[in-house]
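Numbering (the working numbering), first residue to last: 4 to 340. The beta carbon of each residue, even a glycine, is placed where N, CA and C say it ideally should be. Structure, as structure tokens:
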Ligand code: NDP
């Protein structure tokens, strides 16, 4: 029996297009000692994959190699195991997406956070690719550990209709904060309001600085940055003294053909004593357990919603990925395999 894998054929220039990603057929792997084979059922598509498709340093995440299978978070069912930790039928989360079958070492490929994780039965496994996984943790630690969210803070979040941004809106609003969100269409803006934002705007309607000033005439205290570029420039002007920025991502730069100019007003960080702090959720694995307890309660009671944009089959993944970068999604992008 054979299995398929997505492979990087060449490094995309600008937005990924046909011919950048291909597929190969390989035999379904056999597990060796301490190994397991998982039939993937869902895989996550993440903007960071675009960074990894370009060459460059692996300061952030290691670049994908040309001719090698792509990877990313996935969940699936164990179909063969020679590991004492995993049995056939178990649901597992792991980092070998972009393929129908994954051969995994029980000890994982490197850091502890990359070890295959046994998922509890009775919950949708794909929640672990979203609110109960790294996406959820990103929103949580970005607000709390990185931006030091405090009573009365007014929060601005970009990419607010996306997977991370949509959770940031809901968590901050649920904790009683005034939230302002930006997104790329009028429909998404309505969605962001429905998630609990007190104000939201479409960043295509004018200069982000003016739109933000209109939404928050007397400023913001926290900026959760998913976008970078003009959004970060605007937020730096809107931040009140002592404001904090959680630098989560800069999607406006990921497939830009030319370098996106950096904020010309970075000196505001000095003059207003602002804190700008970059982070990756995987720097906070110790926060995952408690966070999940809380988020699970919210999901089960329905007070946090979790929109998904779902595509079917591995063949749909390259197009789905280009759609994600172009803003074709609301909430988390998943591919059902
Ligand atoms: P999203 O679900 O938010 O999808 C990406 C969205 O970005 C698109 O839907 C689009 O929405 C928006 N977008 C694309 N281009 C632009 C642009 N030029 N200007 C403004 N918005 C744009 O993805 P995720 O929630 O998975 O990721 C959001 C951000 O968080 C990314 O920057 C990602 O790299 C980062 N991230 C960081 C992590 C960390 O540990 N630090 C972990 C996970 C994600 P629209 O229609 O609104 O334009």
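I'd like to confirm the pairing. Which residues does DSSP put opposite residue i in its beta bridges?
i           : result
residue 30  : 5
residue 168 : Answer is none; residue 168 lacks a bridge partner.
residue 173 : Looking at the DSSP assignment, residue 173 forms no beta bridge with any residue, so it has no partner.
residue 184 : 160 and 203
residue 311 : 335
residue 71  : Bridge partners of residue 71: none, in fact.
residue 115 : In the DSSP output, where bridge partners are listed per residue, residue 115 has none listed.
residue 25  : 10
residue 121 : 95
Counting only the same chain and skipping the five closest in sequence on each side, list residues whose C-beta sits under 6 Å from that of residue i.
i           : result
residue 290 : 144
residue 39  : 81, 84, 86, 89 and 107
residue 303 : none
residue 128 : 78, 94 and 122
residue 301 : 307
residue 234 : 161 and 211
residue 111 : 117 and 118
What are the boundary residues of the beta strand (DSSP E) that residue i is part of?
i           : result
residue 278 : 278-281
residue 77  : 77-84
residue 47  : 38-47
residue 296 : Careful: residue 296 lies outside any beta strand (DSSP E), inside the alpha helix (DSSP H) at 291-304.
residue 56  : Where residue 56 is concerned, there is no enclosing beta strand (DSSP E), although the alpha helix (DSSP H) it sits in stretches over 51-56.
residue 223 : 223-228
residue 96  : 94-97
I need the boundaries of the alpha helix (DSSP H) containing residue i, first residue and last residue.
i           : result
residue 271 : 271-274
residue 104 : No alpha helix (DSSP H) contains residue 104, which is instead part of the beta strand (DSSP E) from 104-108.
residue 195 : 189-197
residue 242 : Counting along the chain, residue 242 falls outside any alpha helix (DSSP H), though it belongs to the beta strand (DSSP E) covering 242-250.
residue 144 : 137-144
residue 211 : 211-218
residue 324 : 320-329
residue 257 : 254-257
Cutting at 7 Å between CB atoms, please list the residues of its own chain near residue i, excluding the five before and the five after it.
i           : result
residue 230 : 161, 162, 253, 254 and 255
residue 167 : 138, 141, 142, 229 and 251
residue 58  : 14 and 66
Excluding five sequence neighbours on each side, which residues of the same chain lie with their C-beta closer than 8 Å to the C-beta of residue i?
i           : result
residue 132 : 45, 46, 47, 76, 77, 78, 96, 138, 335 and 337
residue 17  : 258, 259 and 260
residue 208 : 214
residue 146 : 152, 158, 171, 174, 175, 225, 227 and 249
If I'm right that residue i touches residue j with Cβ under 8 Å, what's the distance once you round it to whole angstroms?
i           : j           : result
residue 269 : residue 250 : So it is not a contact: roughly 12 Å between Cβ atoms.
residue 206 : residue 187 : 6 Å
residue 325 : residue 314 : At roughly 11 Å, the Cβ-Cβ gap does not stay under 8 Å, so residue 325 and residue 314 are not in contact.
residue 183 : residue 219 : 5 Å
residue 26  : residue 317 : 7 Å
residue 102 : residue 6   : 7 Å
residue 4   : residue 134 : Not really, about 34 Å apart at Cβ, beyond 8 Å.
residue 328 : residue 277 : Actually they do not touch by this definition, with Cβ atoms about 29 Å apart.
residue 244 : residue 19  : Not really, about 42 Å apart at Cβ, beyond 8 Å.
(message) Three or more C-beta pairs under 8 Å: does that hold for the stretch 69-79 against the stretch 11-25?
(response) With a cut-off of 8 Å, the stretch 11-25 and the stretch 69-79 count as touching, because enough Cβ pairs lie within range.
(message) Whether or not the stretch 165-172 and the stretch 196-207 are in contact is what I'm after, with contact meaning three or more pairs of Cβ atoms, one per stretch, closer than 8 Å; do they touch?
(response) Judged by Cβ distances under 8 Å, the stretch 196-207 makes contact with the stretch 165-172, as three or more pairs qualify.
(message) With three or more beta-carbon pairs closer than 8 Å as the criterion, would you say the stretch 275-290 touches the stretch 300-319?
(response) They do not touch, by the three-pair rule.
(request) Decide if the stretch 262-281 is in contact with the stretch 117-126; the criterion is three or more beta carbon pairs, one per stretch, under 8 Å apart. (result) The stretch 262-281 and the stretch 117-126 do not touch, with fewer than 3 CB-CB distances between them shorter than 8 Å.
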